[in-house]
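One structure below.
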Amino acid sequence: MTGAVVLLLALQAAESLNRGRDAMAAHDYASAAVQFREAALAGGEPAETLEALRSLAAASRMSGRADEAEAALKRAASIAARLHGDTSLELASVLSSLAGAQSALGKRTDAILSLESAIRMRELQPGERLGELSADLARAAAIRIEKGENAAAKPLLIRAVESCEKALPPESPQCLGALDALANLARDGSEYGEAEPLYIRALRLREASYGPESAELIPTLDSLSYVYFGLKRYADAEPLYLRLLALWESSAGKDHPMVALTLDKMAEFYAAQERFGEADPLAARAPGMRTGILLESLERSGRMLASASRAQEAAELYRRAVLIAEESQTPDKALDLLLRAYAVVLRGLNRNFEAEAVEQRIAALLHERELREGRREAPEKSR
22 MTGAVVLLLA LQAAESLNRG RDAMAAHDYA SAAVQFREAA LAGGEPAETL EALRSLAAAS
82 RMSGRADEAE AALKRAASIA ARLHGDTSLE LASVLSSLAG AQSALGKRTD AILSLESAIR
142 MRELQPGERL GELSADLARA AAIRIEKGEN AAAKPLLIRA VESCEKALPP ESPQCLGALD
202 ALANLARDGS EYGEAEPLYI RALRLREASY GPESAELIPT LDSLSYVYFG LKRYADAEPL
262 YLRLLALWES SAGKDHPMVA LTLDKMAEFY AAQERFGEAD PLAARAPGMR TGILLESLER
322 SGRMLASASR AQEAAELYRR AVLIAEESQT PDKALDLLLR AYAVVLRGLN RNFEAEAVEQ
382 RIAALLHERE LREGRREAPE KSR
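Those letters in the sequence shown? Residues 22 to 404, by my numbering.
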């Protein structure tokens, strides 16, 4: 091959790489993949071909083509080994990316093998890129856990936490992923004594990074309170449960489903200590919240069905919602809204007899409210 041809191929590869970078910046991943593929096939310098293949893999993953990403990274691994050596950090980085593509394809065993090779290469150069070593260890552990191999995952997570904490400042939140995973593994195995100090570290780290009132603390508070409950350290668990409830209410709203779930947990916590006076109000509050959430969902669904000219379905849905509301003794205001929507749909279907019965129920609710509140309201028209 003449020098002119080599130069032409290099120029073509460089142009394709530049066009691919522009397409990636514009989030046009399909076009970027085309350009990077052309650059990889141009026969340019090995370093440019390596870059093109790695970029092609990234664009392919973003386009949902994990199979093409895997093929590109396998070629990239061969080039990286020739250019940088078969124990180089550059090759380790390619293998880490390859593991990601293999995992996306469901090839868990292949992904673990790729990560283990990358980990061995990184460990041959201690002190270098410890953050990347930690990430590879944590990913290998996550795949082991997916396969049900918790015993094999645990030492990987211990090493991941150690490597991360060596690589980053002590207040850095980037080690939280590995720390949480290790703590969760201990918690799920009922190893509460091991889980406790890990969750305490995670809680302190989140408080330092996000502040004591941040919703970012919720998962750790939830897990640490569970651990203390499991250890029967009730005095330690109670303030965490109260703090967890307050954070859910302040961050998501007092009627959020997770507030109801937290109330259930707290009711169980107090009942386990035979503190039924504290458990009963919490247990009673949660079902009412769930009913309210269900009714809101049914009302929204009814409106959507009615607007889509599916009035028969909307009427049946509103009928069910009204029954649920009446059986659960839903407050009059929420029931009134449901009845009005139901009456409108029935009128639209010319089911006037049924609509009149619903409107009479609305009038009765209005009258009852007037008697309770000692005032008279102008009746609203059904909408």
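Where is the CB? At the ideal position from N, CA and C, for every residue including glycine.
In this structure G65 is buried. Its beta-carbon is surrounded by 16 or more other beta-carbon atoms within 10 angstroms. When the alpha-carbon of L359 is set against those of R340, P194, L268, the nearest one is in R340. Taken in chain order, the complete alpha helix (DSSP H) segments of 4 residues or longer contained in the region 324-372 are 332-348, 353-369.
Straight-line measurement puts the Cα of L38 at about 15 Å from the Cα of A97. Assigned with DSSP and collapsed to three states, T108 falls in coil, not helix or strand.
Around the C-beta of T130, fewer than 16 other C-beta atoms lie within 10 Å, and the residue is accordingly described as exposed. Just so you know, the alpha carbons of P194 and A223 end up roughly 9 Å apart.
As the crow flies, the alpha-carbon of A162 is around 15 Å from that of G210. As summarised for the region 234-263, the continuous alpha helix (DSSP H) elements at least 4 residues long and confined to that stretch are 239-251, given in chain order.
The closest CA to that of D357, considering only G369, L367, V343, G309, is found on V343. At a Cβ-Cβ threshold of 9 Å, S235 and L268 count as neighbours.
Counting only the Cα atoms, I345 lies some 8 Å from L316.
M325 counts as exposed, since fewer than 16 other C-beta atoms from the protein chains shown sit within 10 angstroms of its C-beta. Fewer than three Cβ pairs drawn from the region 330-338 and the region 289-304 lie within less than 8 Å of each other, which leaves the two stretches out of contact. Residues L116 of the same chain have their beta carbon placed closer than 7 Å to that of S138, with the five preceding and five following residues left out of the count. Straight through space, the alpha carbons of L104 and A63 are spaced by roughly 18 Å. In the DSSP assignment, L224 falls within the alpha helix (DSSP H) that extends over 213-231. A distance below 6 Å between beta-carbons, with the five flanking residues on each side excluded, links R58 to the following residues of its chain, in chain order: L77. Taking every protein chain shown into account, the CB of A46 has fewer than 16 other CB atoms within 10 angstroms, so this residue is exposed. Shown here, K286 sits in a helix according to DSSP, grouped into three states. When the Cα atoms are used, I164 and I133 turn out to be separated by approximately 7 Å.
In the three-state scheme derived from DSSP, where H, G and I count as helix and E and B as strand, G313 is classed as helix. The beta strand (DSSP E) runs of length 3 or more contained entirely in the region 26-60 do not exist; there are none. Going by DSSP, R150 is part of no alpha helix (DSSP H) at all; its letter is neither H nor E. Judged by DSSP in its simplified three-state form, Q195 adopts helix.
In the DSSP assignment, L71 falls within the unbroken alpha helix (DSSP H) covering 67-83. Excluding residues up to 5 positions away in sequence, A336, N373, E375, A376, V379 lie with their Cβ nearer than 8 Å to the Cβ of L367 in the same chain. From the listed residues S318, E299, I314, Y249, the smallest Cα separation to A281 is found for I314. By the neighbour-count criterion, in which a residue is buried when 16 or more other Cβ atoms sit within 10 angstroms of its Cβ, D243 is buried.
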